[in-house]
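Data block below; observations after.
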Amino acid sequence: MFITAPFTSIIVTLVLYILQGAILGLSTSIPLYLTKEGAWKQQGIYSLVHYPFSLKLIWAPIIDVFYIQRFGRRQTWLLPIQIILGIALIVLSFYIEPFIKNLRV
264 MFITAPFTSI IVTLVLYILQ GAILGLSTSI PLYLTKEGAW KQQGIYSLVH
314 YPFSLKLIWA PIIDVFYIQR FGRRQTWLLP IQIILGIALI VLSFYIEPFI
364 KNLRV
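Note that the numbering used here numbers the sequence shown so that position 11 is 274, with each residue one more than the last.
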């Protein structure tokens, strides 16, 4: 079986999905930290973070309808979202400790 997609496209998609897994792992580990520092109410509120990921079966077909031919059906939305998430994680890395210490997570 030969790879028909360009090699760079495969690498970009692979890296983006690895980053998505890292973000999901980070968002899953924060409640463990809240167990030590926070209350049950804050853990319950933080569980809302996982709803968009859980409901992606509903909104994914709607997003896949609109795409740029040059990038393809998946990378049209993958690239901007992953870049935004990366920037958000970098910014959050400077401010997460005060948020958790003040329990404003």
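We treat Cβ as the ideally placed atom computed from N, Cα and C, and that holds for glycine. Predicted model only: the values in this text are computed from it and were never measured.
On the CB-based measure, 16 or more other CB atoms within 10 Å of its CB, does residue i come out buried or exposed?
i, result
"L297", "buried"
Is it the case that the Cβ atoms of residue i and residue j are separated by a distance below 8 Å?
i, j, result
"I281", "L352", "no"
"F329", "L342", "no"
"W340", "I326", "yes"
"L293", "Y309", "Rather than Leu, the amino acid found at residue 293 in this sequence is Ile. Against a cut-off of 8 Å, the Cβ pair of Y309 and I293 comes out as a contact."
Tell me the residue span of the alpha helix (DSSP H) that contains residue i.
i, result
"P269", "Neither: P269 is in no alpha helix (DSSP H) and is coded neither H nor E."
Please report the Cβ distance between residue i and residue j, rounded to the nearest whole angstrom; I am assuming they are in contact, meaning their Cβ atoms lie under 8 Å.
i, j, result
"N338", "V278", "The sequence given here has Gln at residue 338, not Asn. At roughly 11 Å, the Cβ-Cβ gap does not stay under 8 Å, so Q338 and V278 are not in contact."
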